[in-house]
Ligand SMILES: Nc1ncnc2c1ncn2[C@@H]1O[C@H](COP(=O)(O)OP(=O)(O)OP(=O)(O)O)[C@@H](O)[C@H]1O
Ligand SMILES: [Mg+2]
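Residue numbers (our numbering), protein chains in the order written: chain G, 1 to 359; chain D, 1 to 290.
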């Protein structure tokens with residue numbers, strides 16, 4: 001187990017700058033997610049940590065050692081590939097024992113370790129089958145077992161859940177997190193699924209076009225996004241232009257045309273800078289629709305429902321207020337609102353965040 | 001319902017029938033003629049008498065000369081196959097693994113020789129290795145040698161000629177099976193602790209065996225059945241079994257003997273194919289050919 005640190009890590013493929021000066025620290029035994037849209041350089045970072053890709057600049061440290069020039073097979077890392085990459089000509093037992101062979105583990109211990117790894121991923125007794133005889137979810141677990149049986153310093157997971165169907169995906173992510181927690185291995189998880197990232201991570205690294213956009217706990221990146229990209233990428237939000245008016249009572253006051261003065265909590269306005277232009281972010285699920293007047297202490301405006309996107313116990317509403325359409329995600333109590341309904345749209349200033357204008 | 005399901009399904013046979021008719025007309029019937037011909041009696045040059053006698057077969061079974069020819073054919077085919085496998089694997093691996101964007105160009109280069117007649121390609125070696133060939137001329141001109149070296153008309157030129165014409169078959173077969181291997185397998189093996197060479201040996205090589213096996217079989221059978229290459233590039237002693245057939249039919253005009261020899265070669269190669277597929281696993285071969 002070890003702490004991993006990337007210092008100014010850079011990778012270019014010819015003119016393509018896949019990763020630009022990434023500074024990221026992965027704490028010992030932590031679970032960190034690299035999150036970002038397709039092509040933002042997540043896989044490239046993972047491959048550089050593994051040694052499968054040579055950085056064009058910067059350093060990779062595992063523990064206290066710089067590993068840039070350590071060959072792949074000496075890095076002691078476990079990787080789970082997106083398509084599992086199990087060896088089709090080897091049995092499950094041989095697949096899992098593959099890494100043990102090169103670690104001079106005696107034959108007698110090998111079988112026990114393989115059995116133990118299969119127990120950890122809850123698939124006992126499949127040693128003699130071939131990968132093609134297992135389902136996608138089972139293969140994914142075997143890939144995990146093969147990666148953890150060698151007791152790696154770092155576990156690298158490249159979208160390991162993306163090939164699974166929605167239900168299996170949810171249960172596997174709980175299980176994966178539980179296994180990671182139990183063996184306490186430093187893990188780097190790559191995904192472009194924000195709910196996966198929020199549910200599993202100790203820390204999230206949000207990436208955009210090869211650059212780190214924000215690093216923080218799920219709560220931080222969700223509630224206190226550093227910029228508009230992060231706010232937009234994690235969850236549905238309404239981002240509204242405003243002007244910085246001043247500070248009062250531990251709050252930063254934003255003047256927004258539609259709502260007047262909105263006092264945003266200081267800790268949620270850390271990135272806003274000195275203004276005067278700034279933006280107000282309201283999460284869709286924090287915008288409440290009511291038929292009558294809004295509850296006490298909320299900022300409210302009147303609007304008309306434009307469209308409804310029914311999602312079971314939730315509904316996503318598109319509400320028109322003046323020139324703008326707002327997105328709101330509400331629990332359905334009784335009957336959902338219908339398009340054309342006149343509603344009161346309200347939010348609590350405590351749920352808002354302020355963003356710098358330029359991003 | 002159950003009865004209906006069990007009913008004989010004619011469709012596969014309908015679809016197969018054109019192929020079956022063609023094969024019957026062009027392969028099975030001529031071969032039956034050949035088999036019948038092998039029992040005929042050769043009276044004189046090009047004069048045969050219909051008969052049912054085993055003279056030709058007894059001669060093949062008892063004359064040591066034919067055994068020597070079979071052994072020579074087998075040995076040379078093995079050498080050519082082995083060399084082609086080794087020489088073919090490297091370019092196949094390179095073409096399969098390269099990130100070069102215009103891979104199709106490399107494959108085209110591989111197929112391009114097929115545009116030129118195989119006999120012309122074989123004859124070209126005379127202009128390279130012969131007394132007045134490129135190598136001798138150059139060395140004479142440079143004064144390295146005083147008299148042209150004898151490099152032609154021996155076993156080695158025959159091997160070179162065979163490899164020259166059959167190598168593309170080997171490369172294509174290996175390439176197809178390498179290309180089907182998941183690109184992440186070798187990296188996966190390497191992160192688990194295997195060196196590059198170990199990862200190749202444990203993962204890529206075994207997974208490319210179907211293609212390698214198919215390529216070997218193809219080159220072996222093609223070599224064992226040829227007669228033109230030894231005729232053009234070999235010396236008097238470098239004949240293969242195919243040359244005996246050629247001699248019997250073209251030179252001695254003894255068609256019944258030629259027919260018997262042809263069937264012998266066909267059966268021998270058939271046995272090789274069957275034994276080989278058993279060893280390799282027929283299904284793996286089918287996969288490689290698919
Ligand atoms: N071998 C390569 N040669 C050239 N460009 C590459 C190579 N590998 C990656 N890239 C480029 O680098 C950028 C980052 O790629 P990367 O695979 O890291 O993205 P990613 O974040 O993992 O995306 P995804 O979510 O789609 O997997 C992309 O623009 C990609 O086209
Ligand atoms: Mg990727």
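Heads up, the beta-carbon is just placed ideally off N, CA and C, and yes, glycines get one too. This structure is a prediction, so every number in the text was calculated from the model and none was measured.
Terminal residues of the continuous alpha helix (DSSP H) containing residue 97 (chain D)?
64–97
In chain order, what residues of the stretch 83–100 of chain G put their CB closer than 9 Å to some CB of chain D?
83, 84, 85, 86, 87, 88, 89, 90, 98, 99, 100
Show which residues of chain D have a CB atom less than 7 Å away from the CB atom of residue 103 (chain G).
193
What residue from D:46, D:267, D:24 has the CA that sits closest to residue 253 (chain D)'s CA?
D:46
Measure how close the beta-carbons of residue 199 (chain D) and residue 173 (chain D) come, nearest whole angstrom, since I'm counting them as under 8 Å.
Taking C-beta atoms under 8 Å as the contact rule, residue 199 (chain D) and residue 173 (chain D) fail to qualify, at a distance of about 22 Å.
Does at least one heavy atom of ligand 1 sit under 6 Å from the Cβ of residue 213 (chain G)?
Not so, every heavy atom of ligand 1 lies at least 6 Å from the Cβ.
For ligand 1, I want to know if residue 56 (chain G) counts as a neighbour, meaning its beta carbon is within less than 6 Å of at least one of the ligand's heavy atoms.
no
Taking CB distances under 7 Å as the criterion, tell me whether residue 173 (chain D) reaches chain A.
Among the protein chains in the structure shown, which are G and D, there is no chain A.
If you drop the 5 nearest sequence neighbours on each side, which residues of the same chain put their C-beta closer than 7 Å to that of residue 285 (chain D)?
With a pLDDT of 48 at residue 285 (chain D), under the threshold of 50, the modelled position of this residue cannot be trusted; read the value that follows with caution. Counting only Cβ-Cβ distances below 7 Å, and skipping sequence neighbours, we find 210, 213, 214, 277.
Does the beta-carbon of residue 192 (chain G), which I'm using as the reference point, lie nearer than 6 Å to any heavy atom of ligand 1?
yes
May I ask you to list, following chain order, the residues of the stretch 179–193 of chain D that have a beta carbon less than 8 Å from some beta carbon of chain G?
Those residues of the stretch 179–193 of chain D that come within reach of chain G (Cβ to Cβ, closer than 8 Å) are 182, 184, 185, 187, 188, 189, 190, 191, 192, 193.
For residue 90 (chain D) and chain G, any beta-carbon pair shorter than 7 Å?
False, the Cβ-Cβ gap to chain G never drops below 7 Å.
In angstroms with no decimal places, state the Cα-to-Cα distance between residue 268 (chain D) and residue 130 (chain G).
37 Å
Going by C-alpha distance, which of G:260, G:254, G:15, G:263 is nearest residue 277 (chain G)?
G:254
Let me check you understand the geometry: is the CB of residue 43 (chain G) closer than 6 Å to at least one non-hydrogen atom of ligand 2?
In this structure, ligand 2 has a non-hydrogen atom nearer than 6 Å to the beta-carbon of residue 43 (chain G).
Can you list the residues of chain D that residue 81 (chain G) reaches, using a CB-CB cut of under 7 Å?
184, 188
Just list the beta strand (DSSP E) runs in the stretch 142–219 of chain G, keeping only unbroken ones of 3 residues or longer that don't cross its boundaries, in chain order.
154–158, 186–191, 203–208, 211–216
Taking three-plus beta-carbon pairs below 8 Å as touching, is the stretch 150–163 of chain D in contact with the stretch 59–71 of chain D?
Flag = no, the stretch 150–163 of chain D and the stretch 59–71 of chain D do not touch.
Could you check if residue 142 (chain D) is buried or exposed, using at least 16 other CB atoms within 10 Å of its CB as the buried criterion?
exposed
Report the neighbours of residue 112 (chain G) on chain D: residues whose CB is nearer than 8 Å to its CB, in chain order.
Under the 8 Å cutoff, chain D gives no residues; its nearest Cβ is about 18 Å from residue 112 (chain G).
List the residues of chain D whose Cβ lies closer than 7 Å to the Cβ of residue 52 (chain G), in chain order.
187
Any C-beta of chain G within less than 7 Å: which residues of the stretch 197–211 of chain D qualify?
Considering only beta carbons, the part of the stretch 197–211 of chain D lying closer than 7 Å to chain G consists of 203, 206, 207, in chain order.
Is residue 105 (chain D) buried or exposed, if buried means 16 or more other CB atoms sit within 10 Å of its CB?
A residue is called buried when at least 16 other Cβ atoms come within 10 angstroms of its Cβ; residue 105 (chain D) does not meet this threshold and is exposed.
Ligand 1 heavy atoms versus the CB of residue 189 (chain G): any closer than 6 Å?
no
So which residues of chain D does residue 77 (chain G) contact, with C-beta pairs closer than 7 Å?
191
Please confirm whether residue 181 (chain G) has its beta-carbon closer than 7 Å to some beta-carbon of chain D.
no
How would you label residue 125 (chain D), buried or exposed, when you count the other beta carbons within 10 angstroms and need 16 or more for buried?
buried
So, residue 208 (chain G) versus residue 40 (chain G), is the Cβ gap smaller than 7 Å?
Residue 40 (chain G) sits close to residue 208 (chain G), with the two beta carbons spaced by under 7 Å.
Closer than 7 Å, CB to CB, is residue 288 (chain D) near chain G or not?
Below a pLDDT of 50, predicted positions are generally treated as unreliable, and residue 288 (chain D), at 45, falls in that range; the measurement from the model is reported next regardless. Not closer than 7 Å to any Cβ of chain G, the Cβ of residue 288 (chain D) fails to qualify, so no.
Would you mind sorting residue 132 (chain G) into buried or exposed? The rule is 16 or more other CB atoms within 10 Å of its CB.
exposed
Using 8 Å as the cut-off, can you tell me whether the stretch 15–23 of chain D makes contact with the stretch 296–311 of chain G, which would need three or more C-beta pairs spanning the two stretches below that distance?
No, the stretch 15–23 of chain D is not in contact with the stretch 296–311 of chain G.
Helix, strand or coil for residue 2 (chain D) per DSSP?
Only weak support is given to the placement of residue 2 (chain D): the predicted model assigns it a pLDDT of 49, under 50, and the value that follows is read from those uncertain coordinates. In this structure, residue 2 (chain D) counts as helix in the three-state DSSP scheme.
Just to confirm, does residue 39 (chain G) get its C-beta within under 6 Å of one of the non-hydrogen atoms of ligand 1?
yes
What residues in the stretch 45–74 of chain G bring their beta carbon closer than 9 Å to a beta carbon of chain D?
For the stretch 45–74 of chain G, which is checked against every Cβ of chain D, the residues closer than 9 Å are 47, 50, 51, 52, 71, 72, 73, 74.
Report the neighbours of residue 150 (chain G) on chain D: residues whose CB is nearer than 8 Å to its CB, in chain order.
192, 193
Cβ of residue 194 (chain D) within 7 Å of Cβ of residue 73 (chain G)?
yes
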